[in-house]
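Engineer:
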Amino acid sequence: MGKMVLVFHKLASLEEALRNIDEKLGGIKPLGIESVELSHAYGRILAEDVYTNADSPPFDRSLVDGYAVIAEDTYNADEANPARLRLIGKVEVGELPSIEVSPRTCVEISTGAPIPRGANAVVMVECTKAED
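Position in the sequence shown (from 1) plus 124 gives the number in my numbering.
(1) Does the distance from the C-beta atom of Ser-226 to that of Asp-189 stay below 8 Å?
(2) Tell me Leu-211's beta-bridge partners as DSSP assigns them.
(3) Does the segment 212-224 come close enough to the segment 158-166 to have 3 or more Cβ pairs within less than 8 Å?
(4) In the structure shown, what three-state DSSP assignment does Val-129 receive?
(5) Is it true that the segment 176-187 meets the segment 202-213, where meeting means three or more beta-carbon pairs spaced less than 8 Å apart?
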């Protein structure tokens with residue numbers, strides 16, 4: 125009891141990784157290209173890049189649970205000197221934000237939810253602490 129345990133993972137060098145890939149997959153040959161209807165494309169791999177003129181989703185969305193903020197409000201913040209922002213609301217997935225982030229404020233946001241106007245960053249909830 126009371127022992128310190130260090131956990132780490134030794135990564136392979138780039139050369140080792142490429143050699144392993146070649147050894148395991150070197151004999152695999154492409155099957156060729158075929159065109160299929162979109163409804164039959166699930167689980168397949170694209171043979172070439174696909175582009176669109178439309179954004180999907182048509183809004184910026186949060187990739188994590190956290191707080192939508194103005195990035196400049198958090199510059200130089202750390203655990204010893206946290207940025208203190210006033211929580212002004214919450215945005216869930218499927219909602220359209222009705223509030224706007226202004227300096228020194230933040231909005232709680234769920235993964236996938238649209239980022240509210242005024243915000244240009246999201247701080248992960250794991251990097252925050254709520255105060256009353």
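All C-beta atoms in this analysis are idealised placements derived from N, C-alpha and C, irrespective of residue type, glycine included.
Structural biologist: Let's see:
(1) In the sequence shown, the residue the question calls residue 226 occupies position 102. In the sequence shown, the residue the question calls residue 189 occupies position 65. Result no, Cβ atoms of Ser-226 and Asp-189 do not sit closer than 8 Å.
(2) Reading the sequence shown from its first residue, position 87 is the one you call residue 211. Per DSSP, Cys-230.
(3) no
(4) As a working mapping, residue 129 is identified with position 5 in the sequence shown. Summary for Val-129: the model assigns pLDDT 45, below 50, so the residue's position carries little reliability, and this model does not support an answer.
(5) no
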